[in-house]
Structures are given as structure tokens and as C-alpha cells.
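All remarks here apply to the structure that follows.
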């Protein structure tokens with residue numbers, strides 16, 4: 003039924019959208035405002051002691067203003083903490099600085115405490131955010147607050163050729179904020195679909211640089227998976243108070259993991275280089291999308307992975323084990339997408355599949371979709387096509403060989419054709435000679451070319 007419907011509606015998504023060229027903008031209701039005091043942050047002066055002592059030990063003498071900038075706190079909030087450290091004979095004034103400030107140095111007692119703090123962690127960055135603040139931010143920025151409609155979801159897939167049925171299935175899952183399972187033959191765009199689902203939602207979220215848990219600090223912001231989006235200089239916010247710079251404005255996260263996934267990724271772990279506690283991947287993906295690609299090929303068994311997440315998926319929170327042995331409750335709030343080329347019934351038991359409300363098959367393209375994608379990519383690559391070349395390709399290399407269409411074949415074959423033309427210094431024209439060489443290379447020369 004899905005293939006019949008797809009054949010009848012195999013149109014490019016851009017042809018469905020009417021009216022404005024882009025969907026209406028969504029806006030999150032959360033913007034972190036600079037707190038007035040440490041108490042407003044849920045922090046005590048002693049929570050900042052290790053950060054300041056590590057900073058002075060690792061980076062040398064610093065002024066009070068430099069320390070406050072590193073902590074990303076107003077100087078007025080940091081000054082009393084520096085005074086307390088000085089009173090406790092951990093630091094001392096070394097010299098005067100501008101604006102009634104001082105340059106601070108470690109005293110022997112402070113250096114000893116700094117060494118002990120560094121044994122636990124080298125983190126000396128932004129002051130951490132409390133779990134309570136973080137939980138509230140996730141609730142206000144959750145994907146479950148947004149319900150994109152069909153035209154808005156179509157727009158997010160406008161650079162792909164998908165059936166209206168498939169877009170409707172995926173869009174409904176996104177609108178519901180519930181997890182989905184994409185399965186089907188390889189090469190038909192499951193990964194590309196997963197990457198684009200987040201486009202239908204407000205693209206910006208705020209996340210804390212780090213969390214504070216009973217004296218331990220967990221790093222949330224990770225430049226390797228999060229893309230910072232600074233506020234444009236001329237952009238105005240709907241608030242009059244300054245931003246709390248302990249938070250980072252980022253693109254709504256999309257994190258993709260495949261065969262490299264191990265049990266360690268599911269727990270807070272200590273970075274062996276920095277000795278800093280890193281949040282697990284599902285915490286770093288909160289308010290965004292987490293794609294587990296090629297399910298069944300990870301370094302963790304499917305059963306172990308599903309058993310680890312089956313309760314968080316239902317409850318919306320997870321109990322994360324810290325390296326110290328402490329267990330903390332954190333939000334489990336992201337669009338979770340599993341993709342696989344394998345038979346889902348052989349991978350997952352009934353209990354897990356029941357908690358995966360959207361199970362969506364990504365089918366092979368129809369001939370019409372295959373032709374349409376060739377034309378779309380031809381324009382993007384800058385190719386000219388010899389008359390009838392796509393007919394020749396489909397008749398001799400698909401129909402007569404009983405070879406299934408795959409969406410990936412279009413880009414891969416055109417990529418081979420472009421390489422041929424570049425190497426031989428000829429214009430980008432797809433004729434029989436170029437196509438047959440692309441076919442020979444792409445399909446590994448296992449079938450004769452006539």
C-alpha cells in the first residue's frame with residue numbers, strides 16, 4: 003500500500019508548499035537571565051572555591067575581573083568569594099589592578115587545595131548551573147512544545163525527493179515529539195531524513211556550559227557536537243535584563259552515533275585527557291534529536307541498549323551514574339530516532355517496539371522518483387545529459403538486471419561521472435561512455451557492461 007500511494011504522490015515536497023516560502027517561525031519561551039546573586043543561582047561561595055583555585059594554579063596569577071570573566075559571572079558576584087578565599091589565607095593580593103581590582107596569587111595553603119581539586123577534575127570554566135535550573139530549561143524548550151504542520155515539515159525536506167505518505171508519517175512523529183524507528187533497505191535516505199527532522203522546529207536552544215551536582219561538575223556544552231550561535235549584535239531580545247553567560251545559545255542539537263556506540267556513551271564519564279566529567283550523549287541531545295544509526299551494528303548489544311533506555315523513554319527522565327558512584331536524575335527529552343537496514347522484528351522484542359510508537363518503512367524510490375531525483379541532482383552538479391541517457395540507464399542497468407532503485411545511486415553515479423570528466427578534462431556531459439564507466443566502477447565491475 004505504501005508503494006502504491008508513493009507512486010501516485012511522488013512529487014517533490016516543494017510542490018506541496020503554498021503561500022510563504024518558509025514555515026512560520028517558532029520561538030522558545032526560555033532565555034537565561036543573569037542572576038542577581040549566588041543564591042539566585044543555587045550556588046554557595048564554596049562551590050566556586052575549586053574553580054578559582056584551579057584557575058590560579060593552572061594559569062597563574064589573575065585579576066578579579068579575569069577570574070569573573072572565566073566564571074562568566076558578574077564581578078559583583080565573584081568579589082565576595084575572592085574575599086572569602088583571601089580571609090581563609092588561600093589567596094592573596096599580589097598587585098593592584100584597574101577599577102579598584104587586584105591581581106591574585108595562590109598562597110601555599112591554596113596551592114595544596116588546588117592540587118587536591120585538580121586530582122578530581124581540571125574544570126575551571128564557567129560557574130555551573132543547578133540541576134533545578136537545567137530541568138526547568140528543558141521543560142520550556144522541549145520539542146513537545148512544538149507541533150509543526152504538514153507544510154512546515156515538507157519545507158524541512160524540500161531538498162529531498164520523498165513521497166507525501168512518508169513525509170506525513172515522519173511529520174506526525176515529529177509533531178507528537180515521540181520516538182520513531184526508520185527501517186528499510188540501505189541507501190534510501192534514512193540518515194538524511196533523521197538529519198532534517200529537526201528543521202521543522204525552532205532552531206535555537208540554550209544549554210548550560212556545565213551542571214553542579216553536590217560539588218561535582220558535569221560538562222554539558224560540547225563543541226564537538228554542539229554548534230554555538232551567538233546573538234547578532236543588532237538582535238533584540240524580549241527581555242531587558244542581561245543574558246546569563248553561563249548558558250550557551252546553540253543550534254538545536256542533532257547527535258548521530260553508529261557502530262562506535264559503547265556502554266560508556268550512556269553514562270557520565272571522565273575525559274582521560276582533561277579529567278572532566280562529560281555528560282552522556284542522551285543528555286547532550288536534550289531538546290534536540292538523537293539518532294542511533296545502523297541499529298544492530300553497535301559495540302553494545304541491542305538488548306543492552308534497549309534495556310538501558312526503555313524506562314527513560316517512557317518516563318521522560320534518566321538516572322545517570324556518576325564516576326563517584328552517585329546517581330542523579332536528569333531529563334531524557336529528545337526526539338529519539340533509530341535506523342536500521344535489518345529486520346526490526348529480529349532486533350527488538352515486543353516490549354521495546356510497543357514503546358516505539360512510530361515504525362516507518364523507508365521504501366525504495368519509484369521509477370518516477372528516481373527520474374525526478376536525477377533531474378534535481380543534474381542541476382546541482384551542473385551536468386548536461388545526453389538525450390535519452392536516463393531512459394538508457396533505467397532500461398539496461400535496472401529493469402533488465404532486475405536491480406532495485408536506491409536513492410543513493412543517483413548521487414553516487416553522478417559523483418563517479420564527475421570524477422571521470424574531471425580526470426579526462428572534458429565537459430560535464432553524461433553520455434553513454436561516461437555512464438558505463440560510472441556503472442562499472444560503482445557496482446564493482448561484477449557485471450559486464452554492454
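In the numbering used here, the protein residues as written are 3 to 452.
Where a beta carbon is used, it is the ideal one built from N, C-alpha and C, also for glycine.
{"Query": "Counting along the chain, where does the beta strand (DSSP E) carrying residue 288 start and finish?", "Result": "That residue, residue 288, is in no beta strand (DSSP E); it is neither H nor E in DSSP."}
{"Query": "Apart from the five residues on each side of it in sequence, which residues of its chain come closer than 6 angstroms, Cβ to Cβ, to residue 135?", "Result": "none"}
{"Query": "For residue 377, I'd like the list of residues in its chain whose CB is within less than 6 angstroms of its CB, leaving aside the five on either flank, ordered along the chain.", "Result": "none"}
{"Query": "Over what stretch of residues does the alpha helix (DSSP H) that includes residue 424 continue unbroken?", "Result": "409 to 426"}
{"Query": "In or out: residue 61 buried (at least 16 other Cβ within 10 Å) or exposed?", "Result": "exposed"}
{"Query": "Could you tell me whether the Cβ atoms of residue 176 and residue 248 are closer together than 7 angstroms?", "Result": "no"}
{"Query": "Would you call the stretch 250 to 270 in contact with the stretch 300 to 308, where contact means no fewer than 3 C-beta pairs closer than 8 angstroms?", "Result": "yes"}
{"Query": "Is it true that the CB of residue 262 sits closer than 7 angstroms to the CB of residue 229?", "Result": "no"}
{"Query": "Quick one: give me the first and last residue of the beta strand (DSSP E) that residue 210 is part of.", "Result": "206 to 210"}
{"Query": "Note down, in chain order, each residue of its chain lying with its Cβ closer than 7 angstroms to the Cβ of residue 418, except the 5 sequence neighbours on either side.", "Result": "440, 443 and 444"}
{"Query": "Give every residue of the same chain whose Cβ lies closer than 6 angstroms to the Cβ of residue 280, excluding the five residues on either side of it in the sequence, and list them in chain order.", "Result": "221, 271 and 273"}
{"Query": "How is the beta strand (DSSP E) around residue 341 delimited, first residue to last?", "Result": "337 to 342"}
{"Query": "Let me know if residue 346 comes out buried or exposed under the rule of 16 or more other beta-carbons within 10 Å of its beta-carbon.", "Result": "buried"}
{"Query": "With respect to the beta strand (DSSP E) encompassing residue 135, which residues constitute its N-terminal and C-terminal limits?", "Result": "Unbroken run through residue 135 is the alpha helix (DSSP H), 133 to 143; no beta strand (DSSP E)."}
{"Query": "Would you mind giving the Cβ-Cβ distance between residue 360 and residue 152, rounded to the nearest angstrom? I have them listed as a contact below 8 angstroms.", "Result": "Residue 360 to residue 152, Cβ: 16 angstroms. No contact."}
{"Query": "Would you kindly check if the distance between the Cβ of residue 66 and the Cβ of residue 103 is under 7 angstroms?", "Result": "yes"}
{"Query": "Rounded to whole angstroms, what's the CA-CA distance from residue 198 to residue 334? Just pull it up for me.", "Result": "21 angstroms"}
{"Query": "Since residue 249 sits in a beta bridge, which residues does DSSP pair it with?", "Result": "210"}
{"Query": "Using the three-state DSSP reduction, which class does residue 392 fall into: helix, strand or coil?", "Result": "helix"}
{"Query": "Can you tell me where the alpha helix (DSSP H) with residue 358 in it begins and where it stops?", "Result": "Residue 358 -> no alpha helix (DSSP H), and no H or E assigned at all."}
{"Query": "Spell out a yes or no on whether the stretch 114 to 130 and the stretch 191 to 205 are touching, meaning 3 or more CB-CB pairs, one atom from each, closer than 8 angstroms.", "Result": "no"}
{"Query": "Taking residue 348 as the reference, which of 185, 81 and 142 has the closest Cα?", "Result": "185"}
{"Query": "Indicate the three-state DSSP secondary structure (helix, strand or coil) for residue 432 in the structure shown.", "Result": "strand"}
{"Query": "What three-state label does DSSP hand residue 163 in the structure shown?", "Result": "coil"}
{"Query": "What did DSSP end up calling residue 198 once you bin it into helix, strand or coil?", "Result": "helix"}
{"Query": "Buried or exposed: which applies to residue 244, given that a residue is buried once 16 or more other Cβ atoms fall within 10 Å of its Cβ?", "Result": "exposed"}
{"Query": "Hey, quick one: how far does the alpha helix (DSSP H) through residue 333 stretch, first residue to last?", "Result": "Taken as a continuous stretch (DSSP letters only), residue 333 belongs to no alpha helix (DSSP H), being part of the beta strand (DSSP E) at 329 to 333."}
{"Query": "Hey, would you say the C-beta of residue 375 is under 6 angstroms away from at least one heavy atom of the ligand ATP?", "Result": "Looking at this structure, you won't find the ligand ATP or any other ligand, since it has none at all."}
{"Query": "Taking residue 129 as the reference, which of 57, 180 and 438 has the closest Cα?", "Result": "57"}
{"Query": "Does the Cβ of residue 275 have 16 or more other Cβ atoms within 10 Å, making it buried, or fewer, making it exposed?", "Result": "exposed"}
{"Query": "Count the other C-beta atoms from every protein chain shown that fall within 10 angstroms of the C-beta of residue 127, then say buried if there are 16 or more, exposed otherwise.", "Result": "buried"}
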